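A short worksheet on the structure shown next.
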Amino acid sequence: MSETSVQAGSLPKAPGSLSMIVVMTAVATACGLLIVTAFQATKNAIEHNVATITQESVLEILPDATRQIPFGVDKSGAVVREPAADADVSKIYAGYDESGALAGIAIEGSGQGWNELKILYAYAPDRQCIFGFKVLECRETPGVGDKIATQEEFLANFKELDATLDPGTRAPEHPIVTVKHGTKKDKWEIDAISGATISSKAVGRILQDSTTRLLPAITGHLDEIRKAGAE
Amino acid sequence: MSESSSNRNLQVFLNGIWKENPVFVQVLGMCPTLAVTNSVRNAIAMGISTMFVLVMSSMLVAMVRKVVPKQVRIATYILIISTFVTIVDYLIKAVSIPVYKALGPFIALIVVNCIILGRAEAFASKNTVYRSVLDAVGMGVGFCIALLCLGGVRELLGSGSFLGVPIFGPYFEPWVIFLLPSGGFFTLGAWLLVFSLLKERKARRAAQEQSA
């Protein structure tokens, strides 16, 4: 390089911090606006699709049910029939067979694995057990964590998972818990997937929280829920 | 527009499809290429999603190329790319939840697909909006073709069907390995071999013509 080319003034002047901040802010604002517009434009279609998939999933995990009625459990433990879409409630779906008898209750639960996890499980109030399970939303590591949705051995945990409530306190007698693969002894334990312990534990945690919080409220309003099927 | 300029633009478009195919020649974007090509439907969905992000981000990068200081260009490109990935995420969810579930985290991972950042940095930041969009469409089509090549073979051999329609009849025993990750590597290896053979044959012919 010649001496003259490096003289002051011959090099391109570096932009000041202010111009960088202004450009980044402008681009970020434009990007933010684009995202909000896309969110608003697709919101209704997404809600409709999610509702359809949830309905199908409810009838899938409650095999004897031919129709379902949505309910919501609010923070005080009150059960609301057909809550508004944006109501701050935990969603449950009562499934009824052709004669109008209660065929089970599908309960939505969510929590954190590696990413957010949304599940649906079937609860039989008469047998006091969980007898069905489906993953609604899962962004766990493909081929590892996402086995919670597909691995038959893991799904077998939910064929008759004990969720008995104490008759006095109505709290679960034994909180549902995930145990290390191959060490399951009791009916309320979930046998984890080897190599996907975090995701398996997340499922156990979601079920434990959900059953502890919702089952007392559901069993307390069971007559109401049963009557709705006969209408 | 002069003829030579039209030819140059056509060349920009065709480069991504054949000569500089992002998968078979540049061997970029291997993560989605191997992960979601176990069926033609998934391959099409991923191909179109990536093409959308590629075209839109190339267009925006070309538009702002003169005002973005060099020091913050990569951060700006990432911001633009992640915006369109978020939009694609919403769009797929609005169109089909089963497809959204099948693609899973790979939709979000489009943001780190090196084809997109590579084209933003290597082409869109130095060319006009028109040429950048042409380049992005070419690369996107090339990527879609590559995913279809893989998805087609894997679904055909792994499930005995194409786009869910059974092809070989009830007596065909599916080669399940082609639906597994290892099947993705086998199929990609086979396609890379085909491309290498074609390239070698072309070079041999060119050498023969030169010597003649």
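So the sequence lines, in the order shown, correspond to chains P and H.
All residue numbers for the first sequence refer to the numbering used here, where the first residue is 655 and numbers rise by one.
All residue numbers for the second sequence refer to the numbering used here, where the first residue is 33 and numbers rise by one.
Note that beta-carbon positions come from the ideal geometry of N, C-alpha and C, so glycine has one too.
As the structure is a prediction and not an experimental result, all values here were calculated from the model.
- With fewer than 16 other CB atoms across the displayed protein chains lying within 10 angstroms of its CB, Phe-217/H is exposed.
- Residues of the stretch 90–116 of chain H that bring their beta carbon within less than 9 Å of a beta carbon in chain P comprise Leu-92, Val-96, Val-99, Val-100, Pro-101, Lys-102, Gln-103, Val-104, Ala-107, Thr-108, Leu-111, Ile-112, Ser-114, Thr-115, Phe-116, in sequence order.
- No Cβ of chain P is located within less than 8 Å of the beta carbon of Gly-170/H.
- Residues of chain P with a Cβ closer than 9 Å to the Cβ of Leu-195/H do not exist, since the nearest Cβ in that chain sits about 21 Å away.
- If you draw a 10 Å sphere on the C-beta of Tyr-747/P, you find 16 or more other C-beta atoms in it, and that means buried.
- If you draw a 10 Å sphere on the C-beta of Glu-794/P, you find 16 or more other C-beta atoms in it, and that means buried.
- Not a single CB atom of chain P sits nearer than 8 Å to the CB of Leu-224/H.
- At a Cβ-Cβ threshold of 8 Å, Asn-811/P and Ile-844/P count as neighbours.
- Given a length threshold of 4 residues, each whole run of the alpha helix (DSSP H) inside the stretch 52–86 of chain H is given here in chain order: 62–67.
- For the pair Tyr-203/H and Glu-153/H, the CB atoms are not nearer than the 8 Å cut-off.
- At least one C-beta of chain P is nearer than 8 Å to the C-beta of Leu-123/H.
- For Val-677/P, the chain H residues whose Cβ falls inside 9 Å of its Cβ are Val-96, Val-99, Val-100, Pro-101, Val-104, Thr-108, in order along the chain.
- Between Ala-682/P and chain H, the shortest Cβ-Cβ separation is below 8 Å.
- What Cys-685/P touches in chain H, judged by beta-carbon distance under 7 Å, is Leu-111, Ile-112, Thr-115, going in chain order.
- Our two residues, Glu-827/P and Val-833/P, have alpha carbons roughly 17 Å apart in a direct line.
- With a cutoff of 8 Å on beta-carbon distance, Met-674/P and Gln-103/H are scored as near each other.
- If the five residues before and after Glu-714/P are omitted, its C-beta is found closer than 7 Å to the C-beta atoms of Lys-788, all from its own chain and listed in chain order.
- Taking the C-beta atoms as reference points, Thr-82/H is found nearer than 8 Å to Ile-142/H.
- Under the DSSP assignment, Lys-772/P falls in the beta strand (DSSP E) whose first and last residues are 770–778.
- Residue-level contact check: Thr-696/P touches chain H, since one or more beta carbons of chain H fall below 8 Å from its beta carbon.
- Around Arg-151/H, the same chain offers Leu-86, Ser-90, Asp-167, Ala-168, Met-171 as residues with beta carbons nearer than 7 Å, after the five sequence neighbours per side are excluded.
- With contact defined as three or more Cβ pairs closer than 8 Å, the stretch 808–824 of chain P and the stretch 841–857 of chain P are in contact.
- The distance from the Cβ of Ala-803/P to that of Thr-865/P is about 20 Å, inconsistent with a contact at the 8 Å cut-off.
- Runs of alpha helix (DSSP H) with 4 or more residues, each lying fully within the stretch 139–222 of chain H, are found at 146–151, 161–191, listed in chain order.
- Fewer than three pairs of CB atoms, one per stretch, sit closer than 8 Å, so the stretch 173–183 of chain H makes no contact with the stretch 122–139 of chain H.
- Runs of the alpha helix (DSSP H) lying entirely within the stretch 769–850 of chain P, each at least 4 residues long, are 806–809 in chain order.
- Here the stretch 714–731 of chain P makes contact with the stretch 748–756 of chain P; the two share three or more CB pairs at distances below 8 Å.
- A direct Cα-Cα distance of roughly 23 Å separates Asp-728/P from Asp-780/P.
- In the three-state DSSP reduction, Gly-767/P falls in the coil class, being neither helix nor strand.
- Shown here, Ser-228/H sits in a helix according to DSSP, grouped into three states.
- Within the same chain, and ignoring the five residues on either side of Thr-708/P in sequence, no residue has its Cβ closer than 6 Å to its Cβ.
- Residue-level contact by beta carbon holds for Ala-699/P and chain H, with a gap shorter than 8 Å.
- Leu-212/H places its beta carbon 8 Å or farther from that of Ser-191/H.
- Chain P has a Cβ within less than 8 Å of the Cβ of Ile-119/H.
- With respect to the 8 Å criterion, Val-677/P and Val-93/H are not classified as neighbours on the basis of their beta carbons.
- Around the beta carbon of Lys-801/P, 16 or more other beta carbons lie within 10 angstroms, which makes this residue buried.
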